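Here is the structure we will look at, set down as structure tokens.
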Amino acid sequence: MTLDQFTQQVRRQPFRPFQLVMVDGSRSTVDHPGFVSIDRRDRAVTFHATDNTRHELDAQFIQDLVALNADASATVGGPNGGENPSGGERSTP
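In terms of the numbering used here, the sequence shown opens at residue 11 and continues consecutively.
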């Protein structure tokens, strides 16, 4: 996944929640575009989850981006910002 793909997903209209899949398999859900930022050096992605926890992810370890279905975005927040065990649809570059 590239940061350009990430930025496109954040700016998508209408916005759809999505998950960031890390190289270790962990997933973090981004559920609102207003709570996301990328640092000036394009090295870290920071966002706040629905439970108000702050997540800072090293951009080089983000493996994939998965768009969530509308009903999947209503999952309860977990330790990674809300997890969707059923997955979602994979975004394509």
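In this text, a Cβ means the ideal position worked out from N, Cα and C, and glycines have one as well. Note that this is a predicted model, so its numbers are computed, not measured.
Which of helix, strand or coil does DSSP assign to residue i?
i     : result
Asp68 : strand
Leu75 : strand
Val55 : strand
Ala82 : Its pLDDT being 48, under 50, Ala82 is placed unreliably by the model, and the measurement read from it follows with that caveat. Helix, per DSSP.
Phe16 : helix
Phe25 : coil
Report yes if the C-beta distance between residue i and residue j is below 8 Å; otherwise report no.
i     : j     : result
Phe28 : Val46 : no
Asn68 : Ala54 : Rather than Asn, the amino acid found at residue 68 in this sequence is Asp. In this structure, Ala54 lies closer than 8 Å to Asp68 by Cβ.
His58 : Arg50 : no
Asp19 : Leu75 : The residue you asked about is not Asp; residue 19 is Gln in the sequence shown. Yes.
Taking its Cβ as the centre, do 16 or more other Cβ atoms sit within 10 Å of residue i, making it buried, or is it exposed?
i     : result
Phe16 : buried
How close, in whole Å, do the beta carbons of residue i and residue j come, if the pair is a contact with beta carbons under 8 Å?
i     : j     : result
Met11 : Gln70 : 10 Å between Cβ atoms; not a contact.
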